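Below is one structure, written out as structure tokens; the observations come after it.
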Amino acid sequence: MPRLHLLKKIWQAIKYAHQALRALDVSAINLEEIDISKKVVVVRSRGARAVLKLSIAEAIADPSIIANLLPVQACWLGYYAGLLYDPAEIQKQKQYLKNAEGVFSLKCAAGQYRVVSQDRKGEITYMKSNDTDVITEYPINIVQDEVTISKFDASQACYIGILAGIYVTKYGNNAQTIQKKPPILHVIK
119 MPRLHLLKKI WQAIKYAHQA LRALDVSAIN LEEIDISKKV VVVRSRGARA VLKLSIAEAI
179 ADPSIIANLL PVQACWLGYY AGLLYDPAEI QKQKQYLKNA EGVFSLKCAA GQYRVVSQDR
239 KGEITYMKSN DTDVITEYPI NIVQDEVTIS KFDASQACYI GILAGIYVTK YGNNAQTIQK
299 KPPILHVIK
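Basically the numbering used here = 1-based index in the sequence shown + 118.
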């Protein structure tokens, strides 16, 4: 009986340590800055002095960068990529995308939520990985809720950010009319 009790204590200690490490939200790569005018991002690898400057398109196309960002940072990277979305720019970047080692993937590896579909209105349907409850929201609403976006895998958070950025580019200030929740971010002009 004492052995079983000891094993339970050890298991609880391991479980607590695992939860504490996840709560730190430590990622291998940190997004330092996004320069919209130059269309450049600066990323830094944890524990390294060197910084890496990439175009936004190159950062989006590199799955190792996206996978190692926090979901919130990946979402903002996607959001600004969506804001800067230009079909002519995409044509210029096609050669880089053809030569890229990986392809942008929506594979859900680590998130609590996963994207299921997108309907014609642009709403995203997502669900918990271990549940059958389905939630449908516009990408702009998901982006504004930091708690929700942090529960997605980084690649899916980036995708949601891209959709939100494209939506804001397309509809401009009219994007505010579809929100079901009050905005979290206040923009001051």
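From the three backbone atoms N, C-alpha and C, an ideal C-beta is built for every residue, glycine too. In this text, all values refer to a predicted model and were calculated from it rather than measured experimentally.
Restricting attention to R238, V234 and T250, the CA atom closest to the CA of Y244 is found in V234. In the three-state DSSP reduction, L149 falls in the strand class (E or B). Following the DSSP letters along the chain, one finds I242 inside the beta strand (DSSP E) bounded by residues I242 to K246.
By a beta-carbon distance limit of 8 Å, I184 contacts A272. Their separation comes to about 6 Å. Cβ contact annotation for L281 (same chain, cutoff 6 Å, sequence separation greater than five): P257, in chain order. Following the DSSP letters along the chain, one finds I280 inside the alpha helix (DSSP H) bounded by residues A272 to Y289.
Taking each of A177, E176, A275 and I284 in turn and checking the Cα distance to Q230, the smallest one comes out for A275. The Cβ atoms of I178 and V161 do not sit closer than 7 Å to each other. The beta carbon of E241 is closer than 6 Å to those of T254 and Y256 in its chain, skipping five residues each way along the sequence. Between Q236 and Y285, the alpha-carbon positions lie close to 13 Å from each other. Beta-bridge analysis with DSSP links S235 to T243. The beta carbon of V169 sits closer than 6 Å to the beta carbons of V160 and R162 from its chain, once the five residues preceding and following it are set aside; these are given in chain order.
Taking 7 Å as the cut-off, the beta carbon of K157 is found closer than this to the beta carbon of S173. With fewer than 16 neighbouring CB atoms inside 10 Å of its own CB, P120 falls in the exposed class.
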